[in-house]
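*Asks:*
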Amino acid sequence: MNAIQTIVSGLLAGAVYVLVAMGFTLVFGVMRIVNFAHGELVMLGMYGALVLWTQWGVDPLLSLPLVALAVGAVGALMYRLAIRPILAAPHFNQMVMTFGLLILFQSLILLAFGGDLRTVNVSYADLTIIPWGIVISIPQLIAGIIAASVSAATYIFLERSTAGSAIRACAQDQMGYALVGGSIERVRLGTFALSAALAGAAGAVITPFSVISPFVGIDITIKAFLIVLVGGLGRVEGTLLAGVIFGMAESVLNRLLPSGFATGVLYCAVIAVVIARPRGMFRGSVG
Amino acid sequence: MSPSRWLGLGAAFALLFAAPYLPFRTNYGIGLLVLAIMYGYMNLCWNIAGGKAGIFSLAHGAFWAIGAYTSTLAYQKLGLTPWLGMFLGALVAALTAAILSLAFRARVRGIYFAMISLALVFALQGLVASSPWMGGATGLFIPLKQDLANFSFVDKWPYATVITAMFAALVLFLIAIKEGRLNDAWLAIREDENAAEALGIPTFRYRVIAMAMSAGLIALAGTFYAQYVLFISPPTVLGLEVMIGMLLGTMIGEIGTIIGPILGAVFFVAITELIQAAIPPSSSAGAAGGLIVYSAVLIVVIMGAPHGIAGLVRARMAKVRNQNRETTVSAKPFDVGRLAEALKMQHVTDFGAEILRVEGVCVNYGGVAALSNVSLRIPRGKIVAIIGPNGAGKSTLFNVLSGFVAPHSGEVHYSGKSIKGIPTYQLCRDGLVRTFQHVRLFSGSTVTENLRVGARARSKDIGRTVDDISHALGLQNRSQHLASQLTISEQKRLELGRALATKPEVICLDEIMAGLDHDEVVELSGLIRAVNATGVTVVLIEHVLKAVVNLADLVLVLDKGVTIAYGTPEQVMSEKIVVDSYLGQRASRGMSGLVGGGS
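Listed below in structure tokens is the structure:
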């Protein structure tokens, strides 16, 4: 029973990871930018949900669309003011810029809310269901389901809609997309906003069972990195699979080892995977 | 460096050494000095990998922490004095860096490497925090006492002297290697990895050296820090702040230079102090305010001065200098005499013997046959041209010859040995060199530096070879210009010169005539003949048919990956199939004239 329990909670966590990592990989795919501030957008989502909860008692799950929209707007602004000017700069400059944004977001929230740990105490926080003896926390179950649905919707959007195919086209060949008359600029802006909105949604959805602090972002960014690396940068399908695998591996390791040790082992394993398959686990080896 | 510069450097070091003993010293001042010098030292270490070799490592904060932890644990568990423990730490850090560098073998580069190096930091963080014998999440304390033998002092001034000595040693070391083999190899790798490999540089090895060396050096500073603050813990030494500090410091100064990272460290400490003086850091609002200023400075610098402050000043100075300088320094004519001087080969006598043999080579790209069953024998001392329409497989054949592409079947023999499994850099060191269709110079380096990279492959007297080649190619008055400042035809000359500087026995030139006007083609043809006259075997890919006919001893015609004809220009041109498939029907009438013009 323990094994199934571990797999189920891993799956639920994995669904949220996928949501975060998907936005991350989209931005990389279209702009070749590694956004170190991506986790900060998740953090903003958490604070957005927190404010709506404490001020007006809006449940984080209900405020999710609004939070996603607001963080999406922050993302659009961030793109216009900070990312667009350095699109042509060397990778190193881009990396340092997003590092700078990471610190900026962190410190702005620190200034506004202080450094204390916060929680949102929803009435259903401690509820569980126990089908066939497997204990599942209700908020985590809801988070997993919502995250999976939003990820699926995004995936369908990318595959089926015109805007989605524009994003995929840009990720493959920007020049080609411009040649057939597309506006790269609009696609970039849209991608960044979408990526931020997904991060915001992830933030809202995990608020009921997470500790909220200005410093949670970097850890989230790292996990998104690792998932995206394992899945192959800029590859949405790979990210989906890798997110779920990562969530499950983490859950299993956390059960077997002390938590810090589990993290260490997991990250080292990811490094080994990347060295062995640098273009992602699910792509053929590099030619 | 000029004597006046050495004098200035000596004075600066003397001042740094003397500062903690000056009458108006304060403990606060010495503290700032120690921090600034330590950050300067660390920035310089990171800069070896990040700036010189172009490796985006985010793990150097962790290598620094490995130094701190290793020496502290060795002292507490084994009683090893930190004076020795610091070298043990350097060893552990260098080994860790070398293992991480295995990623280069898997062709992990750029941002990918940045990310896995960051993963290493977080892995270590987790492992240390959950290992009680390493102090766990609370960290390790080092007792405060006066104990010279164990690197422990009550006053701050001895620390200042130690870190200044480390710093001075590092700066002198970096100056010493500035024009050496290591530095040249790193610059070449940073600018263009493939070109570096083709010029005889084992890029993997030099990347590992850059990582291991910078990790080991920075670990020494880690031990220093542990002994200085007497407390280490996962958040204080394994946090991202250390790494961010190094990135920002280097960024604010200027990446890749010696002075930039040092200036950046001074700037960094100054900003931090100003912020702390303005806003008390005790409150979270105070800390946040400081961080906001900090990130704002960073963002402004990246947008306004992408090459840092030192870079900005340098660009200004260069602009003024260029205005004063004669703006149209044109390249000189070729000097064939100097060429013979540079390339002369005493040991080679077997002219006419087979030097390159291609045997039934097939290359497929995803089901498309780029080369099918191509065979070719090239005698030493000849000029061989490979012609054919676009997509004929010419460049693929070159890639096979130079070891960039391994054939799916068939073999290439060079000097009687199969080149299978021999890395590209080794082929270059064995005397087989190539140029690239699109010029691939080290554009951020000077003409001399470009030539020097080539000369290091095989030449005994590197300075001499560089001088000979730059005269031979008429680039002597451009020697201090950056490759990116040259005209297109000069860039082509430099690319050729860089390959010639390797003193090759066989040189493969990929469409070297493309884009040149008639006079330039004639001039270059003369040069290639001169190269050939020294005994160098020349293999050319060309579209300029006339040049090939006049130049080549042997011509290979490829079409769709298949050999159509191979022989002397006269033989080849008389084959009907060549005329039909490559030259087209109409060309056949003018052919006799063309061939007749050959030598």
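Protein chains in written order, with the working numbering: chain A, 1 to 287; chain B, 1001 to 1599. C-beta: ideal position from N, C-alpha, C; glycine also.
1) DSSP on B/Trp1006, reduced to helix/strand/coil?
2) What does B/Leu1540 pair with, by DSSP beta-bridge criteria?
3) Give a yes or no on whether 8 Å exceeds the smallest Cβ distance from A/Phe92 to chain B.
4) Have a look at B/Ile1462, B/Ile1209, B/Leu1009 and flag the residue whose alpha-carbon is nearest the alpha-carbon of B/Ile1175.
5) In terms of residues, what are the limits of the alpha helix (DSSP H) holding B/Glu1179?
6) Which of helix, strand or coil does DSSP assign to B/Lys1460?
7) Going along chain B, which residues have a C-beta under 8 Å from A/Tyr267?
8) One question on the structure: do B/Val1208 and B/Ala1098 come within less than 8 Å of each other, judged by their Cβ atoms?
9) Let me make sure I understand the geometry here. Which of A/Asp59, A/Arg80, A/Phe157 has the alpha-carbon closest to that of A/Ala125?
10) Is the shortest distance between the beta-carbon of B/Ser1395 and the beta-carbons of chain A less than 8 Å?
11) Please confirm if A/Val252 has its CB atom under 8 Å from at least one CB of chain B.
12) Using beta carbons (cut-off 8 Å, strictly below), is B/Phe1224 in contact with chain A?
13) Please identify the residue among B/His1060, B/Gln1476, B/Ser1415, B/Ile1378 whose C-alpha is closest to the C-alpha of B/Leu1095.
14) Mapping DSSP to helix, strand and coil, what is B/Pro1143?
15) For B/Leu1616 versus A/Ile212, is the C-beta distance shorter than 8 Å?
16) Grouping DSSP H, G and I as helix and E and B as strand, with all else coil, what is B/Thr1327?
17) What are the residues that DSSP puts in a beta bridge with B/Asp1559?
18) Are the C-beta atoms of B/Met1042 and some chain A residue less than 8 Å apart?
19) What does the Cβ neighbour count give for B/Ile1577, buried or exposed, with the cut at 16 atoms within 10 Å?
20) Starting from A/Leu104, find everything on chain B with Cβ-Cβ shorter than 8 Å and list it in chain order.
21) By DSSP, does A/Thr154 sit in helix, in strand, or in coil?
22) Please report how far the alpha carbon of B/Thr1327 lies from the alpha carbon of B/His1471, in whole angstroms.
23) Quick check on this structure: which residue in A/Lys223, A/Leu64, A/Trp56, A/Ala49 has the alpha carbon closest to the alpha carbon of A/Thr119?
24) Taking C-beta to C-beta, are A/Phe36 and A/Thr98 nearer than 8 Å?
25) Among residues of its own chain, excluding the 5 on either side of B/Pro1407, which ones have a beta-carbon nearer than 7 Å to its beta-carbon?
26) What's the gap between the Cα of B/Ile1309 and the Cα of B/Ile1271?
27) Whose CA, out of A/Leu241, A/Gly231, A/Gly164, A/Thr154, lies closest to the CA of A/Ala201?
28) Starting from the beta carbon of A/Ser195, find every residue of chain B whose beta carbon is closer than 8 Å, and list them in chain order.
29) Excluding the five sequence neighbours on either side, which residues of its own chain have a C-beta within less than 6 Å of the C-beta of B/Leu1623, listed in chain order?
30) Using beta carbons (cut-off 8 Å, strictly below), is A/Ile271 in contact with chain B?
31) Quick check on A/Thr263 - is its C-beta less than 8 Å from some C-beta in chain B?
32) Could you tell me whether any Cβ in chain A is nearer than 8 Å to the Cβ of B/Thr1327?
33) B/Thr1223: buried (16+ other C-beta within 10 angstroms of its C-beta) or exposed?
34) In this structure, how does DSSP classify A/Ile136 when only helix, strand and coil are distinguished?
35) Should A/Val10 be flagged as near chain B, meaning a C-beta pair shorter than 8 Å?
36) Taking only beta-carbon atoms, is B/Gly1110 less than 8 Å away from chain A?
*Replies:* Working from what's here:
1) It is helical.
2) Answer is B/Ala1385, B/Leu1509, bridged to B/Leu1540.
3) By this cut-off, A/Phe92 is an interface position.
4) Sorting B/Ile1462, B/Ile1209, B/Leu1009 by C-alpha distance to the C-alpha of B/Ile1175 places B/Leu1009 at the top.
5) Boundaries cannot be given for B/Glu1179, as no alpha helix (DSSP H) includes it and DSSP labels it neither H nor E.
6) B/Lys1460: coil per DSSP, three-state reduction.
7) What A/Tyr267 touches in chain B: Ala1119, Leu1120, Phe1122, Ala1123, Gly1126.
8) Yes, they are a contact pair.
9) If we check each option's Cα against that of A/Ala125, A/Asp59 comes out closest.
10) No - not a single Cβ of chain A is within 8 Å of the one on B/Ser1395.
11) Between A/Val252 and chain B, the shortest Cβ-Cβ separation is not below 8 Å.
12) Answer no: the Cβ-Cβ gap between B/Phe1224 and chain A never drops below 8 Å.
13) Ranking the options by Cα distance to B/Leu1095, first place goes to B/His1060.
14) If DSSP states are grouped into helix, strand and coil, B/Pro1143 belongs with coil.
15) A query on residue 1616 of chain B cannot be resolved here, the shown segment of chain B reaching from 1001 to 1599 and no further.
16) With a pLDDT of only 49 at B/Thr1327, under the threshold of 50, the placement of this residue in the model should not be trusted; the figure read from the coordinates follows. If DSSP states are grouped into helix, strand and coil, B/Thr1327 belongs with coil.
17) Answer by DSSP bridge pairing, in chain order: B/Val1562.
18) The Cβ of B/Met1042 sits no closer than 8 Å to any Cβ of chain A.
19) By the Cβ neighbour-count rule, B/Ile1577 is exposed, with fewer than 16 other Cβ atoms within 10 Å of its own.
20) Leu1291, Ile1292, Ser1295, Ala1296, Ile1299, listed in chain order.
21) In the structure shown, A/Thr154 sits in a helix (DSSP, three-state: H, G or I).
22) For B/Thr1327, the predicted structure reports a pLDDT of 49, less than 50, and the residue's modelled location is therefore unreliable. The matter cannot be settled from this model.
23) If we check each option's Cα against that of A/Thr119, A/Ala49 comes out closest.
24) Note that the C-beta distance between A/Phe36 and A/Thr98 is below 8 Å.
25) Answer for B/Pro1407: Val1361, Cys1362, Val1363, Val1400, listed in chain order.
26) About 14 Å.
27) Considering only alpha carbons, the answer is A/Thr154.
28) None at all; the shortest Cβ gap to chain B is about 16 Å.
29) Outside the shown range of chain B (1001 to 1599) lies residue 1623 of chain B, about which nothing can therefore be said.
30) Judged by the 8 Å Cβ criterion, A/Ile271 is in contact with chain B.
31) Between A/Thr263 and chain B, the shortest Cβ-Cβ separation is below 8 Å.
32) Low per-residue confidence applies at B/Thr1327: pLDDT is 49, beneath 50, and the placement is therefore not dependable enough to give any value.
33) Label assigned to B/Thr1223: buried.
34) DSSP places A/Ile136 in strand when its eight states are reduced to three.
35) Per the sequence shown, the amino acid found at residue 10 of chain A is Gly instead of Val. Output row for A/Gly10: interface = no.
36) So yes, B/Gly1110 belongs to the interface.
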